[in-house]
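Chains as they are written, first to last, in the working numbering: chain Z, 1 to 126; chain U, 127 to 730.
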C-alpha cells in the first residue's frame, strides 16, 4: 500500500508517541515525560491539522535523512579502513597492479585479447 | 519476437523496442523528462516503446554487466586507497540501493507499465556498442571499432562482424581511455564532462596544436598500433575528484577555466591539440584493425565516435573504403545494441544487409503526434495557425527562409540520438553572414563560437562539399568545396575570425572551412528534402542551416507544446508544426508572450 504524505506523517508521529510513552513508563524520568508529552502533542497536531504539522514533518524528515547519510558515511568509512586499505597494502607489497598504473615503456602494444564469449553470457550479470 | 533494450543509470538513458529484428521505437528519456542527458531509469521512454509494441514483450536486455562494473569500481577504490574515499562513499549507496538488484528494479518498472514479467538479460557494454554499429549498418561484413569513456572494463574494442555473427577481438582496459582523456581536456577548458565534448571539438579550429607534443610526452604513452596508456599522475578521476589535478594544471600553464570565464587562445590551442592527438589515435587504431581483419568496411560506435572531425579524417584518409557510424553512438545507442545483440547472437536470428540501406530508418524512431494534438498545443497558447498542404507549406517555408527568417521545423517522428536531423530542427538561410551570431545569441542562447551544421540536398552535396560519401546522420565533417570559399585572413585573433565571411554559406562554414554535413535524400526525409528543393529553386543554393530545436540547457523539444513554448521564448520567426504554420509577424503583441519566466542557464 502506498502511503500519502499525510498518512505517513500520522503513522510516524503516532509510532513516535507510542515509543516515547513506552520510554516514560519504563524509565519514569522527567526527560522521558517531556519527550512523551511533546510527541503526543505533535501526534494530535498531525491527526487534527495536517497542514500545521507539515513543516514539523519536513524538518523531521530532513533530520532523518541527515542521520541516515551520516550513518552510511560512517559504515562506509569503516569498510574502507578495515577492508579496502588493507587489500591495497597487500597489493602494494605483492606488486599487483590491476589498473596498469605503472609505466611500461617497452611494451609493443597495450591492446589485450578479449575473452571469447560464453554461450550463457546474456543470462549473467558478469 | 519483441525485445526491449534498455540503457540507464549513467547518462543518456534510453529504451528501444525491437520486433522481429526491426527497430519499432527508440527514445532517450531526456526527451520526455526534459532533463538533459537524464541518467534515471527510462520509465517514460520505455512506456513509449511499449505503447508501440504489437504484443507482449518476450525479453528485456540491459546494455551492460552491472557486476563487472561494480568490480571495476571496487578495484579502482583499492588501487588508489587511502585516497579515493569520496568516490567510494559517493558510489556505494547507489549500488547498494538499486544497481546491484537490477533484474528486480527492471521487473518492478515493467510491471508498473502494465507489462507482464519477462526475463531480464545483460549484454556487455562494448558488445552492445559493437552490435549497434554492425547489426544496424548496411554491411554484410565489416570491421568494428568501439571507443568510449568506459564500459565495464573495456574502453576501446576491436571487432569483426559477418552476417548475424559478431566477435570482439582485442581491447584496451580502464583507466586507459580515449574518451576520458578527451573529457579531461573538456573539463580543463571549463565545459561539462559528458556534455561539452562537442564544444571542445567546435573550438579546436580556432587554435594551433601547440600542446600536441606535451600531451604525447607527458600524458600518454602511444604505440604505433594506436593503443596507449595514460599517465594517471596527471588525472584525478580515479580518486573521484575532478578529471584533472594540480600537475595537469601546472603542465598546461594555469588553472582550469571556470565555466563562466571568457574563452582565450589557450583553450583554443588546448582544444586543437587534444583534437589532433585524438585523430591520430583513431587513425592508428583504424589502420591496425584494417590490417588485422582485412575488411573493407568499418562500423563505429561509442561516445568518441560522435567526434565527426575524426570521423571525417577517417573517411578521407583511413584505410577503409566505407565507414558507417551509429547515429546514437553514445550510451543511448547501447539500448539498441543490447537488443540487437540478444536477437542475433542469443536468438540466432538471421540478418540481411544490402550494402546500401541501414536499419536506422533515418533515426526517426521517436515519438510523433497527430495534427489534432498539434492544433491543441497552438490553441492552448492562443496562437492562430494556418493549416497548409505539404506543397504549399514547403513553398512558404522556402520563401520565409529566403527572406532571412529563422524557422522551427517540427515534423514526423523525433530523432533517436544526439543530432537533430530534420524532425525537431531549427532551419535558417546558410548564406546570411550574420546568421551564425543571430542563431547563437538570440535563438539558442549559447556561446558565439559554436558553428552550425549544414543540410544539403544529397544530389548536390558534391558541388558544395568535398564529401566522398553520403552523410545522412551529420557524423562526418567535410571541407566546403573550393569553388564556394572566400579568402579570409588566417592570422587574426580567434575572436576576430568569428565574424569573417569564409564562403558563400558562411553560417555553416567553420574557420578551417570545414562543415558538419548532413545530406538529405528524397527517401530519408521527404519533407526536409522538399523544403531544401524549394529553397534551391528560389535561390540556387541547396544548403540550409540545421540545428536542434531547443534552447540552451534543454534537450530537443519532444511534444508540440514544447515546440510552441520554444518558439515563443526565443526570437524565432516562424514555426512549421506538422501541417500548421505560424508566423510571429502576424501575431498580436499579447500573443507573443511565452508566459515563462526569464531564462537563466547553468554552465553546460
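For every residue, glycine included, the Cβ atom is placed at its ideal position computed from N, Cα and C.
Check                                                                                                                     : Outcome
Given residue 234/U as reference, the closest of 191/U, 169/U and 282/U once Cα atoms are compared                        : 169/U
Option in 250/U, 210/U and 663/U with minimal Cα separation from residue 472/U                                            : 250/U
Given residue 162/Z as reference, the closest of 36/Z, 48/Z and 8/Z once Cα atoms are compared                            : Examination of residue 162/Z is not possible in this model, given that chain Z is present from 1 through 126 alone.
Inter-residue spacing [alpha-carbon to alpha-carbon] between residue 83/U and residue 287/U                               : With chain U running from 127 to 730 in the structure shown, residue 83/U is simply not present.
Against chain U: residues of the stretch 92-103 of chain Z by CB proximity under 7 Å                                      : 98, 99, 100, 101 and 103
Closer than 8 Å to chain Z by CB, residue 354/U                                                                           : yes
In chain order, each alpha helix (DSSP H) run of at least 4 residues that lies wholly inside the stretch 69-97 of chain Z : 85-94
Nearest to residue 207/U (by Cα), restricted to the options 366/U, 262/U, 293/U and 346/U                                 : 366/U
Strand pairing of residue 347/U, partner residues [DSSP]                                                                  : 355/U
Proximity to residue 593/U [Cα-Cα], best of 599/U, 606/U and 581/U                                                        : 606/U
Helix, strand or coil at residue 279/U [DSSP, three-state]                                                                : coil
Range covered by the beta strand (DSSP E) that runs through residue 133/U                                                 : 128-133
Coil, strand or helix - residue 294/U by DSSP                                                                             : strand
Near-chain Z residues of the stretch 241-256 of chain U (beta-carbon distance less than 7 Å), N- to C-terminal order      : 247, 248 and 249
Closer than 8 Å to chain U by CB, residue 85/Z                                                                            : yes
Complete beta strand (DSSP E) runs within the stretch 430-518 of chain U (minimum length 3 residues, chain order)         : 448-451
Between the CA atoms of residue 445/U and residue 698/U - distance to the nearest angstrom                                : 44 Å
Residue 674/U: first and last residue of the uninterrupted beta strand (DSSP E) it sits in                                : 669-674
DSSP three-state assignment for residue 643/U, whether helix, strand or coil                                              : strand
Closest by C-alpha distance to residue 298/U, when choosing among 100/Z, 15/Z, 119/Z and 125/Z                            : 100/Z
Cβ neighbour criterion (16 or more within 10 Å) applied to residue 505/U                                                  : exposed
Boundaries of the alpha helix (DSSP H) in which residue 656/U is found, first to last residue                             : 652-665
Buried/exposed call for residue 736/U, threshold 16 Cβ in 10 Å                                                            : Look at the range of chain U in this structure, 127 to 730, and you will see that residue 736/U is not part of it.
Exposure label - residue 129/Z; buried when at least 16 CB within 10 Å                                                    : This structure leaves residue 129/Z out entirely; chain Z is present only between 1 and 126.
Residue 606/U in three-state terms, based on DSSP                                                                         : strand
C-alpha gap between residue 187/U and residue 392/U, whole angstroms                                                      : 45 Å
Among 54/Z, 41/Z and 109/Z, the one whose alpha carbon lies nearest that of residue 355/U                                 : 109/Z
Burial state of residue 323/U, where buried means 16 or more other Cβ atoms lie within 10 Å                               : buried
Short-range partners of chain Z found in the stretch 287-309 of chain U, where Cβ spacing is below 8 Å                    : 293, 294, 295, 296, 297, 298, 299, 300, 301 and 302
7 Å Cβ cut-off: residues of chain Z touching residue 735/U                                                                : Outside the modelled stretch of chain U, which goes from 127 to 730, sits residue 735/U, for which no answer is possible.
Residue 315/U in three-state terms, based on DSSP                                                                         : coil
Residues that residue 66/Z contacts on chain U, provided the C-beta gap is smaller than 7 Å                               : The contacting residues do not exist; residue 66/Z stays about 14 Å from chain U at best.
Whole-angstrom distance between residue 503/U and residue 197/U, CA atom to CA atom                                       : 48 Å
3-residue-minimum beta strand (DSSP E) runs that sit fully inside the stretch 180-225 of chain U, ordered along the chain : 185-188
8 Å contact criterion, which residue 667/U and residue 564/U should meet: CB distance rounded                             : The Cβ separation is near 18 Å, so there is no contact.
Assigned secondary structure, residue 113/Z (DSSP; H/G/I helix, E/B strand, else coil)                                    : strand
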